[in-house]
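> Can you keep this structure in mind? I'll have questions shortly.
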Amino acid sequence: MKIRKSFGEKVFDVSNVSFLILITVAAMLPILYVIAGSFSSSNALIHNRVILWPVEATLDNFKLVANNSTFWKAGWMTVQIVVIGTTVNMVLTMITAYPLSKMDLKGRKFFMLLIIFTMIFSAPIIPSYLLVKNLFLLNSIWALILPGAISAFNMILCMTFFRTVPDDLFDAARVDGMSEYGMVWRIVVPLSMPIVMTLLLFYAVGHWNNYFGPLLFINDRNKQTLQMYLYSLIANGDSDSTAGAAAEGGIKLSPVAIQMATIVLATVPVVLIYPFLQKHFVKGALLGSVKE
Numbered sequence: 001m002k003i004r005k006s007f008g009e010k011v012f013d014v015s016n017v018s019f020l021i022l023i024t025v026a027a028m029l030p031i032l033y034v035i036a037g038s039f040s041s042s043n044a045l046i047h048n049r050v051i052l053w054p055v056e057a058t059l060d061n062f063k064l065v066a067n068n069s070t071f072w073k074a075g076w077m078t079v080q081i082v083v084i085g086t087t088v089n090m091v092l093t094m095i096t097a098y099p100l101s102k103m104d105l106k107g108r109k110f111f112m113l114l115i116i117f118t119m120i121f122s123a124p125i126i127p128s129y130l131l132v133k134n135l136f137l138l139n140s141i142w143a144l145i146l147p148g149a150i151s152a153f154n155m156i157l158c159m160t161f162f163r164t165v166p167d168d169l170f171d172a173a174r175v176d177g178m179s180e181y182g183m184v185w186r187i188v189v190p191l192s193m194p195i196v197m198t199l200l201l202f203y204a205v206g207h208w209n210n211y212f213g214p215l216l217f218i219n220d221r222n223k224q225t226l227q228m229y230l231y232s233l234i235a236n237g238d239s240d241s242t243a244g245a246a247a248e249g250g251i252k253l254s255p256v257a258i259q260m261a262t263i264v265l266a267t268v269p270v271v272l273i274y275p276f277l278q279k280h281f282v283k284g285a286l287l288g289s290v291k292e
């Protein structure tokens, strides 16, 4: 039976939809402008003729960025951090969430109190820097991985999801002589793929977009990440030298065009990965946020 909505409910729905459309348009306009500018000629950008569609479409901007060894070196550094960091994050998060998901664990409330405390009170910048420095981790990828090895919020999501696994499965596994670690990797993880994929996306995107960590702990220019490279490209005008090199090769490109092309290339990997994890992401975020 279809329930007819009142006039007030219809007005409310129309207002919500209109508001969400406005928010979506406001969020998409800068993205569309950068994409259009990356495919436009420098002449069109200089004369402000680019709005939401490429003008005098060209691939010269991307060709120049693709031939820049510094871009690929920064990208490779970022890929290493994402792969190693996400692996460390996932392993530590799951082996922490599993025992805390057991209500009969001795000292569980104490450990949960310590974990929640870190969500409310985080370490200041200077003590964090001194700790990393005293551990001789400056200018290494471990300085960007170990301080945030476990996210308390993600761990709580994972712990809540693990509670949905039936206890009968664990009892049967114990009867068969399976160890606790075996139950984690052979029972809990396969049955918890939605939350695993969700946290995988959270951690991977967090490492990929990490800017403050490299800014604080990485001083070696040869070890800069992709986000630091983008910062130097935009803020310090490093694209001027790139544009000059292009001009010597007979290509006239503006620094703005190079910046936009670099931003698009740096964003593409995350955009390509998300659709494959979307269904797991939605299910994992919903189930992991429901408390018993």
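Just so we're aligned: 10 in UniProt numbering is position 10 of the sequence shown, and the numbers increase by one with no gaps anywhere. Where is the CB? At the ideal position from N, CA and C, for every residue including glycine.
Specify the secondary structure class of A247 as computed by DSSP and reduced to three states.
For A247, the predicted structure reports a pLDDT of 47, less than 50, and the residue's modelled location is therefore unreliable. A value from the coordinates is still provided. Three-state result, A247: helix.
> CB-CB under 6 Å to A257, same chain, minus the five flanking residues each way: which ones, in chain order?
Taken in chain order, the residues that qualify are S42, L45 and N61.
> If we call anything under 7 Å between Cβ atoms a contact, is S40 one with V25?
No. Outside cutoff.
> Are D263 and V34 close, meaning C-beta to C-beta below 7 Å?
For the record, residue 263 in the displayed sequence is Ile; it is not Asp. Yes, they are a contact pair.
> Can you round the beta-carbon distance between K223 and M77 to whole angstroms, since I take them to be within the 8 Å contact cut?
That pair is a contact at about 6 Å.
> Would you mind stating whether V132 and F217 have Cβ atoms separated by less than 7 Å?
Result yes, Cβ atoms of V132 and F217 sit closer than 7 Å.
> Taking 7 Å as the threshold (C-beta atoms), are T118 and A149 in contact?
No, they are not a contact pair.
> Taking DSSP as the reference, what is the three-state secondary structure of N203?
Looking at the sequence itself, residue 203 is Tyr, so the reference to Asn does not match. In this structure, Y203 counts as helix in the three-state DSSP scheme.
> Below 8 Å CB to CB, which residues in the same chain sit around G182 once its five sequence neighbours on both sides are set aside?
Counting only Cβ-Cβ distances below 8 Å, and skipping sequence neighbours, we find A173.
> What's the gap between the Cα of I31 and the Cα of M260?
Their backbone Cα atoms lie some 10 Å apart in a straight line.
> List the endpoints of the continuous alpha helix (DSSP H) containing I156.
Segment A152 to F162, the alpha helix (DSSP H) holding I156.
> Between which residues of its own chain and V88 is the CB-CB distance below 7 Å, once the five residues before and five after are set aside?
Once the five neighbours on either side are set aside, the close Cβ partners of V88 are I145 and A149.
> Grab me the residues of I141's own chain with a C-beta within less than 7 Å of its C-beta, minus the 5 sequence neighbours each way, in chain order.
So the list reads Q80, I81 and I84, once near-sequence residues are dropped.
> Here's the rule: buried if 16 or more other CB atoms are within 10 angstroms of the residue's CB, otherwise exposed. What is F162?
Under this definition F162 is a buried residue.
> Which runs of the alpha helix (DSSP H) at least 4 residues long sit entirely within the stretch 70-138? Give them in chain order.
The qualifying runs are 108-120 and 125-134.
> Just to confirm, are L201 and M159 a CB contact at a threshold of 7 Å?
For L201 and M159, no; Cβs fall outside 7 Å.
> What does a CB cutoff of less than 7 Å around T70 pick up in its chain, not counting 5 residues either side in sequence?
Hits under 7 Å: Y229.
> Starting from the Cα of L114, find the closest Cα among I156, Y98 and N139 and give me that residue.
It is I156 whose Cα lies nearest to the Cα of L114.
> Nearest to Y129 by CA position, among P147, I120 and F121, is which residue?
For Y129, the nearest C-alpha among the options comes from P147.
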